[in-house]
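2 protein chains.
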Amino acid sequence: MKVEYELIHKDNNARYGKLHTNHGTFETPMFMPVGTLANVKTLVPDELKEVGSGIILSNTYHLWLRPGEDIVKKAGGLHKFMDYDGPILTDSGGFQVFSLAKNKNDITEEGVKFKSHIDGTKLFLTPEKSIEIQNKLDSDIAMSFDECIPPFSTYEYTKNSTERTLRWAKRGKDAFNNENQSLFGIVQGGAFEDLRKYSAEETVKMGFDGYAIGGVAIGEEKDVTYRMIDDSIRYLPEDKARYLMGVGEPLDIIEGIDKGVDMFDCVLPTRLARHGNAFTAYGKINLKNLKFKEDFTPLEDDCDCYTCKHFTKAYIRHLLVSKESLGGRLLSIHNIRFLIRLTEKARDAIKNDTYASFKEEIYSKYKN
Amino acid sequence: MKVEYELIHKDNNARYGKLHTNHGTFETPMFMPVGTLANVKTLVPDELKEVGSGIILSNTYHLWLRPGEDIVKKAGGLHKFMDYDGPILTDSGGFQVFSLAKNKNDITEEGVKFKSHIDGTKLFLTPEKSIEIQNKLDSDIAMSFDECIPPFSTYEYTKNSTERTLRWAKRGKDAFNNENQSLFGIVQGGAFEDLRKYSAEETVKMGFDGYAIGGVAIGEEKDVTYRMIDDSIRYLPEDKARYLMGVGEPLDIIEGIDKGVDMFDCVLPTRLARHGNAFTAYGKINLKNLKFKEDFTPLEDDCDCYTCKHFTKAYIRHLLVSKESLGGRLLSIHNIRFLIRLTEKARDAIKNDTYASFKEEIYSKYKN
């Protein structure tokens, strides 16, 4: 079965819906934690369910290198390999290999040359290979192989890349061979309105099971990011899920939902955790700060996560300062729960047609 | 309330009993996982309960340095600080500071001079200070400050040290000031039969709430280890718990129980886990070994731990090879469960008066 998106209610452009998959149904908007190497760092699947995670993302490039897609296939697919029975989305590997490719000659019509980040082995990834690996990983949703265009590229580069990504999408679609898996197309087009339109319309014409917006997680230039979302999403069909790739800052999620996005992913919650940071409704805090040394309150008083129900800032700070990995684990639980709870609250607001005031409230508190 | 040992059944010298504490009762023999810095590395308290851990050990030296005993006291004691409501035993810090003291002049009648392992700060630990810290940590069981005599010390050194440890035990007992906490004495005496007897008899005369046998975890010389246990335990009263310090190898636990030991502790299960090793009934295995690459079976088919119920050797190997800390966490759960299950099986054997054949069966399988 292919995934099916069910649109239940709209509040202006914000959408409340459900995505039905072979591994269960989850409500949208939803934040997807990233489990790069077939695990969301430090956590077991039961903990992902406990934080309300409806779907997780895993990385094709990393699993291709370790343990290798054939091992995962022999294990019975990614769900069985990591003992996670909920929905899984795999990326295409494009984002990683483009950041490993050393110069533009490494990017050809056929695919991308790059060196393994583990041992420098020369590797070559093509749209067909990306799909073949994902077919073997047997995730619920596979992603098209695309070029994530560097921010602020020239019009000419962006146009050529966007056209090539369309050809790659077609090649991947033709090579696709897993009837239990869905395939999402990806809209690129850089920061150029006409190229976003072109990319979105041509991608939709090919007919995918869902659509992603790529190349928008570019950092501080929020107005550019938000414009790129607008310039892409207006051409996407209402009856398919929309996934904004690599976006995990709370305010960006809030904006994305406002524009009609259904799914988000980002390594931010686990990466922040490893560096001792926690999300709160008022912004991020660093638990290593001396001011938390005798703070015997939870990270957030009203948070329902395992960490906040059991541990204090002083204890988490102690673990971090002592370099005990449990500290990162406890912060990962909280940070993932924070983003998922944010999408839960957004869903409630959409259902109640109060998304605008909800958004305003989040903005009024959240700083940084 | 002080801890109370209840002897329920004996099979030759092996004892099945219960230790009643202010934080609940646990059955003995029992293996205690080590939570050095107020956490058993990578695990939360719920996981310790799930593996059947009746009591955990925490390290006074480490908590003295980080976060400091006053922070723990302000948090409401160690149980509240780490959100663990089961029994906790704290060591005296002696083992750590003796290994940090650079030469014998650093060890005086008053106490021990040494440098912090964190920043080299000069520190001085006395019997009174060790007890004061433990009183503040508010563990269920505090340990006397002793010198863990280096193996194969001369008779003269061992005699002097053993006598000083007795004076330190007296000083600690006099300084002790926490009516909700118990204090265990420690038998030293090195590898000399008469000094073990002397140390045991004099320690028992002082009247502690339980007794430990120290200085026996000396490595490969098993015959010496086992003789030191015999030479100590025969002088200990039947109505108090007996704790064999630092012992965690499966066969040593089996021997200790045979001789009448009730409690064991060791960092081995978590340390082995961090290096990719797992206990099995047939000996230790290293999961990084290539032969486990496609082994889609659990660490042990009949193990009831969370790890074995959910994950395969191939998956754990993948996590370890990819340096994902979840691998160490999953192995820690299994390794701790393995030792606690070993003591569970030993308890059953004692109850059934079949300890001798149980011991033989363990020996016939376990290699290394």
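Keeping their order, the protein sequence lines are chains A and B. Just so you know, the first sequence maps onto residues 30 to 397 in our numbering. Just so you know, the second sequence maps onto residues 30 to 397 in our numbering. A virtual CB, placed ideally from N, CA and C, is assigned to each residue, including glycine.
Determine the direct distance from the alpha carbon of residue j to that of residue i, and round the result to whole angstroms.
i	j	result
Val73 (chain A)	Leu355 (chain B)	8 Å
Gly236 (chain A)	Leu316 (chain B)	45 Å
Asn189 (chain A)	Ala385 (chain A)	38 Å
Thr137 (chain B)	Lys151 (chain B)	15 Å
Gly244 (chain B)	Leu273 (chain B)	9 Å
Leu280 (chain A)	Lys388 (chain A)	9 Å
Gly312 (chain B)	Ala378 (chain A)	57 Å
Lys352 (chain B)	Pro179 (chain B)	36 Å
Val253 (chain A)	Lys226 (chain A)	15 Å
Asp114 (chain A)	Leu107 (chain B)	37 Å
Asp120 (chain A)	Glu284 (chain A)	23 Å
Val126 (chain A)	Val290 (chain A)	26 Å
Asp268 (chain B)	Asp260 (chain B)	18 Å
Pro58 (chain B)	Leu77 (chain A)	36 Å
Asp148 (chain A)	Thr299 (chain B)	29 Å
Tyr255 (chain B)	Glu222 (chain B)	12 Å
Met30 (chain A)	Lys109 (chain B)	50 Å
Lys165 (chain A)	Arg44 (chain B)	55 Å
Thr445 (chain B)	Ser87 (chain B)	Given that chain B is displayed from residue 30 to residue 397, the structure contains no residue 445 (chain B) and the question cannot be resolved.
Glu185 (chain A)	Thr191 (chain A)	10 Å
Lys103 (chain B)	Gly97 (chain B)	10 Å
Ser393 (chain A)	Phe153 (chain A)	47 Å
Glu278 (chain B)	Ile391 (chain B)	12 Å
Thr89 (chain A)	Glu161 (chain A)	10 Å
Kindly indicate the opening and closing residues of the alpha helix (DSSP H) around residue i.
i	result
Ile379 (chain A)	Leu355 to Lys380
Ala385 (chain A)	Tyr384 to Lys394
Met235 (chain B)	Glu222 to Met235
Cys337 (chain A)	Tyr335 to His339
Phe124 (chain B)	Gly123 to Leu129
Arg271 (chain A)	That residue, Arg271 (chain A), is in no alpha helix (DSSP H); its beta strand (DSSP E) goes Ala270 to Leu273.
Tyr418 (chain B)	For residue 418 (chain B) there is no data in the structure shown, the boundaries of chain B being 30 and 397.
Thr89 (chain A)	Thr89 to Leu94
Using 8 Å as the threshold, is the C-beta distance between residue i and residue j below it?
i	j	result
Val32 (chain A)	Ala270 (chain A)	yes
Ser173 (chain B)	Trp197 (chain B)	yes
Thr155 (chain B)	Leu195 (chain B)	no
Ile314 (chain A)	Phe60 (chain A)	no
Ile345 (chain B)	Leu368 (chain B)	no
Gly46 (chain A)	Glu35 (chain A)	yes
Lys338 (chain A)	Leu328 (chain A)	no
Ala220 (chain A)	Ile286 (chain A)	no
Leu92 (chain A)	Leu66 (chain A)	yes
Ala302 (chain B)	Asn364 (chain B)	yes
Asn42 (chain A)	Lys251 (chain A)	no
Asp135 (chain A)	Phe143 (chain A)	yes
Asp99 (chain A)	Asp382 (chain A)	no
Val80 (chain B)	Cys332 (chain B)	no
Tyr395 (chain B)	Ala307 (chain B)	no
Ile362 (chain B)	Thr336 (chain B)	yes
His304 (chain B)	Arg95 (chain A)	no
Select from the options the residue whose C-alpha is nearest the C-alpha of residue i.
i	options	result
Asp75 (chain B)	A:Phe340, A:Tyr384, A:Glu373 and A:Glu389	A:Phe340
Phe213 (chain A)	A:Phe205, A:Asn88, A:Tyr264 and A:Asp238	A:Asp238
Lys158 (chain A)	A:Gly201, A:Ile365, A:Ala130 and A:Glu390	A:Gly201
Gly275 (chain B)	B:Ala246, B:Met111 and B:Leu328	B:Ala246
Glu373 (chain A)	A:Arg225, A:Thr326 and A:Ser82	A:Ser82
Gly357 (chain B)	B:Lys234, B:Leu297 and B:Leu371	B:Leu297
Val350 (chain A)	A:Lys322, A:Ile362 and A:Leu77	A:Lys322
Cys177 (chain A)	A:Ile117, A:Ala241 and A:Asp331	A:Ala241
Arg193 (chain B)	B:Ala204, B:Gln217 and B:Ser182	B:Gln217
Ala204 (chain A)	A:Glu56, A:Gln163 and A:Ile85	A:Gln163
Gly140 (chain A)	A:Leu77, A:Gly122, A:Gly149 and A:Ile147	A:Gly122
Ile117 (chain A)	A:Ile84, A:Asn318, A:Arg370 and A:Glu98	A:Ile84
Lys133 (chain B)	B:Asn381, B:Glu98, B:Ala104 and B:Thr187	B:Thr187
Cys295 (chain B)	B:Thr383, B:Val69 and B:His49	B:Val69
His38 (chain B)	B:Phe153, B:Lys380 and B:Lys102	B:Lys380
Got a sec, what are the start and stop residues for the beta strand (DSSP E) residue i sits in?
i	result
Ile170 (chain B)	Ile170 to Met172
Thr119 (chain A)	Ile117 to Thr119
Ser159 (chain B)	Careful: Ser159 (chain B) lies outside any beta strand (DSSP E), inside the alpha helix (DSSP H) at Pro156 to Leu166.
His49 (chain A)	Ala43 to Thr50
Tyr255 (chain A)	That residue, Tyr255 (chain A), is in no beta strand (DSSP E); its alpha helix (DSSP H) goes Lys251 to Ile262.
Met292 (chain B)	Met292 to Cys295
TODO: Could you tell me whether the stretch 159-173 of chain A touches the stretch 199-209 of chain A, using the rule of 3 or more Cβ pairs below 8 Å?
DONE: yes
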